[in-house]
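S.K.:
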Amino acid sequence: MSLRSLVLLLYLLIPCSAQAHDPAPAEHPSWLRLLHYDSTLLGSWQSSVHAPDFFLTPHGRHDPQAEWNAWMQTRSPDQQRDLACRFPARVLISQRLTGQIWPVPPCVEYGDWKKRLDFHSLSLVYSTAYAGNPASVLGHNILKLNREDPSTPAYVESGLPLLDYGIGFLARSDPQDGPVFYVLNGLLGGYPGFFVLQPYYELVNTYAYAENRDLWELEIKLDADERELFLAHIWELIHYASAPYHFTHVNCSTMLLEILEAVRPHWNLRQRISGLVLPHAVMQTVAEQQGASNESFWPSQRRIFHEHWRQLNGAQQEKFLDWRDGSDAVAVADEPLVLDAIMDQLNMQKSRLDITEQSRLRVQEDQILLARSRLPASTLQPPDRSRATNNPLWAHGLHKFSLLAGLEREGTLLSLRLRWGLHDLLDEPQGFDPYYHINFFDLRLRQTTRTRALDYTLDVVDLMSLHPFERVEPSGSWAISAGLHDTEDGARPHVRGSYGVAWEMRADRSLIYALPTTKLTITSFEVGFRLGWYHAWTARWRQLLEILPRQSLSRKDRVHWDWSWEQRWSLNRSWQVEWRLAREDRWQSLVGIGQFF
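For the sequence shown, position 392 (counting from the first letter as 1) is numbered 400 according to my numbering, and the numbering increases by one without interruption.
(1) Could you check whether Ile228 and Leu130 sit closer than 8 Å to each other, using their CB atoms as the reference points?
(2) From Phe255 to Gly194, what distance separates their C-alpha atoms?
(3) Any chance the stretch 540-560 sits against the stretch 570-583, with 3 or more Cβ pairs inside 8 Å?
(4) Under 6 Å Cβ to Cβ from Ala590, same chain only, skipping five residues before and after it: list those, please.
(5) Nearest by alpha-carbon distance to Pro200: which of Ala59, Thr546, Ile376 and Arg452 is it?
(6) With DSSP as the reference, please indicate the residues paired to Glu574 in a beta bridge.
(7) Are there three or more Cβ pairs, one per stretch, closer than 8 Å when the stretch 394-409 is compared with the stretch 434-444?
(8) Just to confirm my understanding: we take Cys24, look at its own chain, exclude 5 residues before and 5 after, and list those with CB closer than 6 Å. What are they?
(9) Verify the contact flag: Gln603, CB atom, against every heavy atom of the ligand SAH, threshold strictly below 7 Å.
(10) Quick test of your reading: Phe203 and Ala232, contact by CB under 8 Å. State the CB separation rounded to the nearest angstrom.
(11) Which partner residues does Pro200 have in the DSSP bridge list?
(12) By DSSP, does Leu146 sit in helix, in strand, or in coil?
(13) Hey, how far is the Cα of Phe477 from the Cα of Gly68?
(14) Taking Val290 as part of the alpha helix (DSSP H), name the residues at either end of that continuous run.
(15) Which residues in the same chain have their Cβ closer than 7 Å to the Cβ of Leu415, if we skip the five residues on either side of it in sequence?
(16) Can you find the residues in the same chain that come closer than 6 Å, C-beta to C-beta, to Trp583, ignoring five residues on each side of it along the sequence?
(17) Under 8 Å between the Cβ atoms of Thr136 and Asp222?
(18) So Gly600 packs on Ala413, CB below 8 Å; how close in whole Å?
(19) Taking only runs that begin and end inside the stretch 467-526, name each unbroken beta strand (DSSP E) of 3 or more residues, in chain order.
(20) Relative to the C-alpha of Arg310, which residue among Gly147, Gln357 and Ser489 is closest?
(21) In angstroms, rounded to a whole number, what distance separates the CA positions of Phe449 and Ala515?
(22) In three-state terms, what does DSSP make of Leu16?
(23) From what residue to what residue does the beta strand (DSSP E) around Asn447 run?
(24) My output table needs one value for His241: the three-state DSSP class, helix, strand or coil.
(25) Which same chain residues end up closer than 8 Å to Trp545 when comparing Cβ atoms and leaving out the 5 residues on each side of it in sequence?
(26) Note down, one range per segment and in chain order, each beta strand (DSSP E) of at least 3 residues found wholly within the stretch 86-118.
(27) Does the stretch 144-155 come close enough to the stretch 205-224 that 3 or more CB-CB pairs lie under 8 Å?
(28) Rounded to whole angstroms, what is the Cα-Cα separation between Gln108 and Glu296?
(29) Any idea what DSSP makes of Leu361, helix, strand or coil?
(30) Given a cut-off of 8 Å on the beta-carbon distance, is the pair Gly508 and Tyr521 in contact?
(31) Do you know whose CA, among Leu42, Arg382 and Arg155, lies nearest Ser102's CA?
(32) Can you name the residues that DSSP bridges to Tyr45?
(33) Going by C-alpha distance, which of Arg83, Ala74 and Ile267 is nearest Leu44?
(34) Are Leu2 and Arg479 touching if we call contact CB-CB under 8 Å?
(35) In angstroms with no decimal places, state the Cα-to-Cα distance between Val294 and Ala270.
(36) Kindly list the residues whose CB is nearer than 7 Å to the CB of Ala26, restricted to its own chain and excluding five residues on each side of it in sequence; keep chain order.
Structure (structure tokens):
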């Protein structure tokens, strides 16, 4: 073969080879991500969107090829104009995949809407956990459209970010449902989920003020084409998309990940998160893909108030408490620091009420503002971001495996623990609020030399809210857990609930608690106390001592005194050294390692 013939053959083969590896439009990642398709365990396609109006064919939710064919077979100018208004993002993607210009002009209604939402960049927002709602104990994610550069101090300080817009995926729950039905519907997809676009100040009022949750923002910079595709896709979602809401996998985090994947299919965000999709993991995964990026922090109203409360001296704090008990503004009229703290308190109270219920508070607010206007500027400092340890980008892995070995009274003991999520008191605290404790699917296996049978305990859920008691904000602490434990008669379910008080001895470092407790199983009912002392010796070394006297009311047995003393040393964000000394029916002493993943 001559050199000329060889060159000609290569010239003919290379385009054919490239074409062979180029996916068909219906299988192109841009098309699949735009319609929220994902492959099932059986290899078929399924969209996370359930709404029939989101598809052009009856089986479109499971057939990307049929959807593509229906899209390309649109012939009538009226149909083309209708689809351009319904699905502007599909117009953009089909033009990019085929090189053909959509034959009718862009939709005027969509164009006007797009102009009003012109934005500079996106921010992925993390709202910290809220114990008042089972759907929010893991946190929440939102996407925010930044109209200006969020890294500009003047823009942040001006308050203009409140005029940005936020996008979320929410569940439409039934307010008549009790806690049990609410949790069951949330787990089983009993509530419809929908996309909402609303002014950011409404979201700040809900999360930062009414629910007192800090907001962390991570900027995502998009080019002009990506911004155009993003807005077009949001238009489609808020008008035509819905899906059953699941706390575990079709939630506020997964659906926002899919929006980002529609704009940047190569990120493959969903595949980078194993198991349940949690807001912490979403923030970390996007940060890894985005690289260095601007972060910002919006403190909750409660954090603002407590920062200001700590800056008052003893006499000023007493004046504030006198005002709170008697609502007497005259007594504090000459104290600007106290008046500012009172305004913070009024803002917290107003945010929990409907506007029609705020009349009494607004009268007090007017009196305080009038008195405050006669005094010089305040010296109260805003919340120090460095004191907020709950930045999700600092958090350890959300799953954990531990292996410990040691001794018990009758021989050696091997203990294995696998926890699917999320964080307990003794884990590395960075990335979480102080005294944060929420575990689920926590399995403990124990094997001793005296028996060949495995002893196990499975906590399906284990929550604890330790809220330091303060005169300025008296509140209780609580804990609840439910799961299975092994007995001589087989597996037995258990439910344990506690409620009491906690006192902080050193800010964010040391706390004691006393929680009266009840425990219910099929065969017994116990009452007792849960007395504990948590202390962080250093940033990497923590300990927890618990004493649990308990008595079975069903068997009229004597009081049992169980106790445990645990310490953990963090080597880094992934590894810990663990030590445990306990008496739970028998003595145990264990040491080992734990790894987050």
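Heads up, the beta-carbon is just placed ideally off N, CA and C, and yes, glycines get one too.
All figures in this text were calculated on a predicted structure; none of them were measured in a lab.
M.R.: To lay it out plainly:
(1) Yes. Within cutoff.
(2) 5 Å
(3) yes
(4) Ser572 and Gln596
(5) Ala59
(6) Leu552 and Arg588
(7) Cβ pair count under 8 Å is three or more, so yes.
(8) Any answer about Cys24 is weak, because its pLDDT of 39 lies below 50 and its placement is not dependable; what the coordinates show is given next. Closer than 6 Å at the Cβ level, and outside the excluded window around Cys24, lies no residue.
(9) No copy of the ligand SAH appears in this structure; indeed no ligand is present at all.
(10) About 23 Å; that fails the 8 Å criterion.
(11) Looking at the DSSP assignment, Pro200 forms a beta bridge with Pro252.
(12) coil
(13) 55 Å
(14) Pro287 to Gln298
(15) Leu421 and Ser597
(16) Gln603
(17) yes
(18) At roughly 6 Å, the Cβ-Cβ gap stays under 8 Å, so Gly600 and Ala413 are in contact.
(19) 485-495 and 498-514
(20) Gln357
(21) When rounded, the distance between both Cα atoms is 31 Å.
(22) The predicted position of Leu16 is uncertain, since its pLDDT is 37 and thus under 50; a value taken from the coordinates is nonetheless stated next. In the structure shown, Leu16 sits in a helix (DSSP, three-state: H, G or I).
(23) Tyr444 to Thr456
(24) helix
(25) Gln551
(26) Taking 3 residues as the minimum length, the stretch 86-118 contains no beta strand (DSSP E) run wholly inside it.
(27) yes
(28) 35 Å
(29) coil
(30) yes
(31) Leu42
(32) Ser55
(33) Here residue 44 is His; the residue named in the question, Leu, does not match the sequence. Among Arg83, Ala74 and Ile267, the Cα nearest to that of His44 belongs to Ile267.
(34) The structure shown does not extend to residue 2, since the chain is modelled only from 9 to 605, so the question has no answer here.
(35) 14 Å
(36) Reliability fails at Ala26, whose pLDDT of 38 lies under 50, so the model's placement of it is uncertain and the value that follows must be treated cautiously. So no residue of the chain qualifies.
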